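Chains as they are written, first to last, in my numbering: chain A, 3 to 167; chain B, 6 to 191.
Quick reminder that beta carbons are idealized off the backbone N, C-alpha and C, glycines included.
The model shown is predicted, which means the values in this text are computed figures rather than measured ones.
In what follows, a single structure is set out as structure tokens and then discussed.
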Amino acid sequence: MKLSSLQKRAHRQARHGARMDMNLVALIDVFTILLFFLLSSAGTDALEAPAGLRLPMAQSEASPTPTVVLTISGTDIHLQGQRVAGVAEVLASGDTLIAPLQARLDELAAASPAPAAGADGRHVPRAVTILGDKDIPYALLRKVMATCAQAQYADVSFAVQRRAV
Amino acid sequence: MRVRRLHKKPAELEIIAFINLIVVLVPFLLSVAVFSRLAVIDIDLPAPTAEALAQLQPGKLQLEVVIRADAFEVGDRVGGLIQRIERRAADPTAPAATEPDRPALDALATLLLQLKTRYPDQKEATVLAETDTAYDTLVQVMDTLRAGPLDSTGASPQAELFPRLSVGDAPVRATASRNSNKPGGA
């Protein structure tokens, strides 16, 4: 019987009972630590920036809370992932408010119960987080914020990328 | 007496299944891991009714930072301009830096620290932007107002300056009328 060199080697090893041991302990150590690190870091963020959106950097350390998310990219305005308006048409129009955005915000407000009044009995506004591209002009932001305020979403937060220090 | 030695093989751990598991899990978790952490800056949208009341408090600083195309103007709503900080570098031929406003922002932070020591209880400030101000610039100024300069170690800022921020429109340069309309107040 003609055996290939690999088969010969396997036979030799089987005869001698000497198995080649790979030293896997260090590898397993690394993987286990990496596994725990990744498991602990996964799924803690309430907010995730969509690809292609460049958020401004800031030192703020306030963590995002789960709220209504309004995304303003260079071309479109999305509310909760759904496109509501285009940036160009909003900038071109002379209105101070964005009608489709307000309609969608009103729908959302109607669907969710009003937040409970604060400890001092004052009216607590609904919260919205704005994820804006760093290059959008203030004129656009102003219209968006005016619309949010008009639709009772007066608690506005700007999402920023935490500056690595 | 003859000693019989048992030729015992060393015990081996069955770790193949475990390795398979982590080899699959680690790339999966790496692919979904988020390495850039997000944070938020809270804004106070001025309520239409609260504004008139706030304006009539004497002896209180109503800090405003106006973002112009060429300068930051720090002022008091009642007392007027406190300081004007030029944004553009003196040398226009200098190569564009990644953060061209950094010197002006640092100067702004220094000024704000002085103001904070003079009015330690003050927490409110207003950022007024022109229509073509970039969102990035707005956020940088707000971040400076909120947190102050980074200290020398690059660690977290030493103190909160003016964490309660609101945003408004910059007054038109020629006229003296300030703060004519704001989002939410309109």
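**Asked** How would you list, in chain order, the residues of chain A whose beta-carbon sits under 9 Å from the beta-carbon of B:Q145?
**Response** Numbered from its first residue, the second sequence carries residue 145 of chain B at position 140. Those are P58, M59 and A60, listed as they occur along chain A.
Report task. Return no unless some Cβ of chain D is closer than 8 Å to the Cβ of B:V71. Result -> Protein chains in the displayed structure are A and B, and chain D is not among them.
task = Measure the alpha-carbon distance for A:Q61 versus B:A38 and round it to whole angstroms.
result = In the first sequence, the residue the question calls residue 61 of chain A occupies position 59. In the second sequence, the residue the question calls residue 38 of chain B occupies position 33. Taking the CA atoms as reference points, A:Q61 sits about 21 Å from B:A38.
- Message: For A:P52, which residues in the same chain have their Cβ closer than 7 Å to its Cβ, ignoring the five residues on either side in sequence?
- Response: Sequence index remark: in the first sequence, residue 52 of chain A carries index 50 (1-based). Result list for A:P52: T73, in chain order.
Spell out whether any CB of chain A is found under 8 Å from the CB atom of B:V31.
Here residue 31 of chain B is taken as the residue at index 26 of the second sequence, counted from 1. It does: the Cβ of B:V31 has a partner Cβ on chain A nearer than 8 Å.
TODO: Report buried or exposed for A:S159, applying the criterion of at least 16 other Cβ atoms within 10 angstroms of its Cβ.
DONE: Working through the first sequence from its first residue, we reach residue 159 of chain A at position 157. Classification of A:S159: buried, given that the 10 Å Cβ count is 16 or more.
| said: Please report the straight-line C-alpha distance between A:R85 and A:S75, rounded to a whole angstrom. | reply: Within the first sequence, residue 85 of chain A is the residue found at index 83, counting from 1. Within the first sequence, residue 75 of chain A is the residue found at index 73, counting from 1. About 11 Å.
Next on the checklist: So that I know if they touch, is there some Cβ in chain B lying closer than 8 Å to that of A:D108?
Outcome noted: Reading the first sequence from its first residue, position 106 is the one you call residue 108 of chain A. In terms of beta-carbon proximity, A:D108 stays away from the interface with chain B, with every pair separated by 8 Å or more.
For A:R139, the three-state DSSP class (helix, strand or coil): Sequence index remark: in the first sequence, residue 139 of chain A carries index 137 (1-based). Correcting the residue type first, residue 139 of chain A is Pro in the shown sequence and not Arg. Correct three-state label for A:P139: strand.
Neighbourhood of A:A111 by C-beta, 7 Å cutoff - its chain only, sequence neighbours within 5 removed: Residue 111 of chain A sits at position 109 when you count from the first residue of the first sequence. Cβ within range, chain order: R128, A153 and Q154.
Cα separation between B:S171 and B:A130? Within the second sequence, numbered from 1, the residue matching residue 171 of chain B stands at position 166. Within the second sequence, numbered from 1, the residue matching residue 130 of chain B stands at position 125. Roughly 6 Å separates the two Cα atoms.
Cα-Cα separation, A:T69 to A:A151
The residue you call residue 69 of chain A lines up with position 67 of the first sequence. The residue you call residue 151 of chain A lines up with position 149 of the first sequence. Computed Cα separation, rounded: 15 Å.
Under 8 Å by Cβ, that's how I've got B:D106 and B:Q145 pegged, so tell me the actual separation to the nearest angstrom.
Your numbering for residue 106 of chain B matches position 101 in the second sequence. Your numbering for residue 145 of chain B matches position 140 in the second sequence. About 6 Å separates the two Cβ atoms, so the contact holds.
* Asked: For A:L103 and chain B, any beta-carbon pair shorter than 8 Å?
  -> Locating residue 103 of chain A in the first sequence gives position 101, counting from the first residue. It does not: the Cβ of A:L103 has no partner Cβ on chain B nearer than 8 Å.
If we define contact as Cβ-Cβ less than 8 Å, is A:G83 a contact residue for chain B?
Here the question's residue 83 of chain A lines up with position 81 in the first sequence. Output row for A:G83: interface = no.
First and last residue of the alpha helix (DSSP H) that includes B:V31?
Residue 31 of chain B sits at position 26 when you count from the first residue of the second sequence. Per DSSP, the unbroken alpha helix (DSSP H) holding B:V31 starts and ends at I21 to V37.
Measuring only between beta-carbons, confirm whether B:V8 sits less than 8 Å from chain A. Start at 1 with the first residue of the second sequence, and residue 8 of chain B comes out as number 3. B:V8 is outside the set of residues whose beta carbon lies under 8 Å from a beta carbon in chain A.
Worksheet item: Would you say A:K145 and A:V92 are within 8 Å of each other, going by their C-beta atoms?
Response: As a position in the first sequence, residue 145 of chain A is number 143, starting the count at 1. As a position in the first sequence, residue 92 of chain A is number 90, starting the count at 1. It is a contact, given that the beta carbons lie within the stated cut-off.
Exercise for the section: Check the DSSP bridge columns for B:G85 and list the partner residues they point to. Expected result: Locating residue 85 of chain B in the second sequence gives position 80, counting from the first residue. In the DSSP assignment, B:G85 forms a beta bridge with B:D81.
Considering only their Cβ atoms, is the gap separating B:I27 from A:Q37 smaller than 8 Å? Along the first sequence, read from residue 1 onward, the residue named residue 37 of chain A stands at position 35. Along the second sequence, read from residue 1 onward, the residue named residue 27 of chain B stands at position 22. The amino acid occupying residue 37 of chain A in the given sequence is Leu; Gln does not appear at that position. Result yes, Cβ atoms of A:L37 and B:I27 sit closer than 8 Å.
* Exposed or buried, which one is B:G80 when buried takes at least 16 other CB atoms within 10 Å? -> Counting from one through the second sequence, the residue named residue 80 of chain B turns up at place 75. Around the C-beta of B:G80, 16 or more other C-beta atoms lie within 10 Å, and the residue is accordingly described as buried.
Using the C-alpha atoms, what's the distance from A:S42 back to B:L166?
Residue mapping note: residue 166 of chain B aligns to position 161 of the second sequence, counting from 1. Residue mapping note: residue 42 of chain A aligns to position 40 of the first sequence, counting from 1. So the alpha carbons of these two residues sit roughly 33 Å apart.
Check your understanding: In angstroms, rounded to a whole number, what distance separates the CA positions of A:P102 and A:L143?
Key -> If you number the first sequence from 1, residue 102 of chain A lands on position 100. If you number the first sequence from 1, residue 143 of chain A lands on position 141. Going from the Cα of A:P102 to the Cα of A:L143 covers about 15 Å.
By the DSSP assignment, the alpha helix (DSSP H) with B:Q119 in it spans what residues?
Here the question's residue 119 of chain B lines up with position 114 in the second sequence. Looking at the DSSP string, the run of the alpha helix (DSSP H) that includes B:Q119 is R107 to R123.
| So, helix, strand or coil for B:A74, using DSSP? | Residue 74 of chain B sits at position 69 when you count from the first residue of the second sequence. Correct three-state label for B:A74: coil.
| field | Under 7 Å by beta carbon: chain A residues contacting B:A112 | value | Here the question's residue 112 of chain B lines up with position 107 in the second sequence. Under the 7 Å cutoff, chain A gives no residues; its nearest Cβ is about 17 Å from B:A112.
Only counting the same chain, and skipping five residues up and downstream in sequence, which positions put a Cβ closer than 7 Å to that of B:Q67?
What you label residue 67 of chain B is simply residue 62 of the second sequence in a count that begins at 1. Cβ neighbours of B:Q67 beyond the five flanking positions: D81, R82 and V83.
I need the straight-line Cα distance from A:T67 to B:P168, nearest angstrom please.
Against the first sequence, residue 67 of chain A aligns to sequence position 65. Against the second sequence, residue 168 of chain B aligns to sequence position 163. So the alpha carbons of these two residues sit roughly 18 Å apart.
With DSSP as the reference, please indicate the residues paired to A:F160 in a beta bridge. Your numbering for residue 160 of chain A matches position 158 in the first sequence. A:F160 is bridged to A:I132 and B:I46.
*asked:* My parser needs the beta strand (DSSP E) runs of 3 or more residues fully inside the region 4-80 of chain A; what are they?
replied: Counting only runs of at least 3 residues, the region 4-80 of chain A fully encloses the following beta strand (DSSP E) elements, listed from N- to C-terminal order: 70-74.
Mind pulling the chain A residues with CB within less than 9 Å of B:R151? Counted from its first residue, the second sequence places residue 151 of chain B at position 146. What B:R151 touches in chain A: A60, Q61 and S62.
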